[in-house]
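Peer 1: Submitted below is the structure of interest, expressed as structure tokens.
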């Protein structure tokens, strides 16, 4: 277990932003993770958990406590059952599952971060969410001081949400278990229209696992959503805002506002989101409110490839990023009456 003091945290995040931690511990086994958590809890020391750093916005003053970097390793297959240690690199795990001929997470290729973060956010993209394949999550319960195994139902998954996100101080994810599908080298049925169009097939069709994964990687790269140290459009947390889910009444009011602003024929994106609810597109809202690709003149700007990504152009501070985020939130609310919600977790920082 490595320990550093006054340790820079910016290099551990995809934004490359944030001040130092008073103390940084890197744990490479589950036992080391648990020991570090227990030590911090016993001492009453603030604790920040870091995986791949792809969903973190850390304030410029840093973190006056213990930052615990979870760097555990473990990829285990038993038939169609996959177990990942929390510190496994997610993109590598997806690639290995595809190589093994197993379907269920191939459209989640290219998402930065660690495996342990996926259930917290219920990571999803291109028609797949981890909640569809996760069977169990092994975690350390800071309240009972025991290691527990939670079933899929006990994780309380919903859109970009889970019990782990609802109560972030309680559980530390150690391992994630998935039930994948052996479809004889084929993908799961494609659910996302953009993916199907790119492949020239219909929604619900299957294609080869390799083809599905490579197509998603190309789509993501075209939007600056695949990490590249040389491309500042990827110095981001991916999608900075979640897609709003509105009641039918709220959506009708929103639609009326769209027609008033954009014309009688304007129709906003709408996707079914459960009984009495409709999901719309945050990217569409941002663009139509006037924040187009590349918006901004400072060191933090909207990506030139995708309006949902706020980026560090190389010399930004966290406050630069937050100033831009606040401007976007205010502009969208003024235009359409909808308040966008940030997807990344903020640490000693807020919108």
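In my numbering, the protein residues as written are 405 to 755. Cβ atoms here follow ideal geometry from the backbone N, Cα and C, with glycine treated the same way. Bear in mind that the values here come from a model prediction, so they are computed numbers and not experimental data.
1) Does the Cβ-Cβ distance between residue 535 and residue 561 come in under 8 Å?
2) Going by DSSP, what residues sit across from residue 636 in a beta bridge?
3) Counting Cβ pairs closer than 8 Å, one from the region 457–476 and one from the region 427–438, do we hit at least three?
4) Quick check on the DSSP output: what are the complete beta strand (DSSP E) runs of length 3 or more inside the region 567–625, in order along the chain?
5) Let me know the secondary structure DSSP gives residue 535 once reduced to three states.
6) Please name the residue, chosen from 715, 746, 648, 460, that lies closest to residue 684 on a Cα-to-Cα basis.
7) Does residue 460 come within less than 8 Å of chain D when only Cβ atoms are used?
8) Starting from residue 501, trace the alpha helix (DSSP H) both ways and give me its first and last residue.
9) Run through DSSP, which three-state label would residue 417 get?
10) Spatial neighbours of residue 420 within its chain, please: CB distance less than 8 Å, with the 5 preceding and 5 following residues excluded, ordered by chain position.
11) If residue 729 and residue 712 are in contact, beta carbons under 8 Å, what's the gap, nearest whole angstrom?
12) Would you report the Cα separation of residue 464 and residue 453, rounded to the nearest angstrom?
13) Should residue 575 be labelled buried (16 or more other beta-carbon atoms within 10 Å of its own) or exposed?
14) Measure the alpha-carbon distance for residue 581 versus residue 488 and round it to whole angstroms.
15) Between the C-alpha atoms of residue 410 and residue 751, what's the straight-line distance to the nearest angstrom?
16) Would you check if the region 542–558 and the region 608–622 touch, i.e. whether three or more CB-CB distances between them fall below 8 Å?
17) Along the chain, which unbroken stretches of the beta strand (DSSP E) at least 3 residues long are found entirely within the region 424–468?
18) At what residue ranges does the region 644–719 contain a whole run of the beta strand (DSSP E), taking only runs of 3 or more?
19) For residue 450, which residues from the same chain have a beta carbon less than 6 Å from its beta carbon, with the 5 sequence-adjacent residues on both sides left out?
20) Helix or strand or just coil, what does DSSP make of residue 761?
21) Residue 516 by DSSP, collapsed to three states: which one?
22) Taking the C-alpha atoms as reference points, what is the distance between residue 690 and residue 644?
Peer 2: Reading off the structure:
1) yes
2) According to DSSP, which records beta bridges pairwise, residue 636 is partnered with nothing at all.
3) yes
4) 575–583
5) Here residue 535 sits in helix by DSSP.
6) 648
7) Looking for chain D here will not work: only one protein chain is present.
8) 494–503
9) coil
10) 414, 639, 716
11) In fact, because the Cβ distance is near 12 Å, the residues do not count as touching under 8 Å.
12) 17 Å
13) buried
14) 6 Å
15) 16 Å
16) no
17) 424–431, 451–454, 460–462
18) 649–651, 681–683, 704–706, 714–716
19) 469
20) In the structure displayed, the chain extends from 405 to 755; residue 761 sits before or after that span and is not available.
21) coil
22) 11 Å
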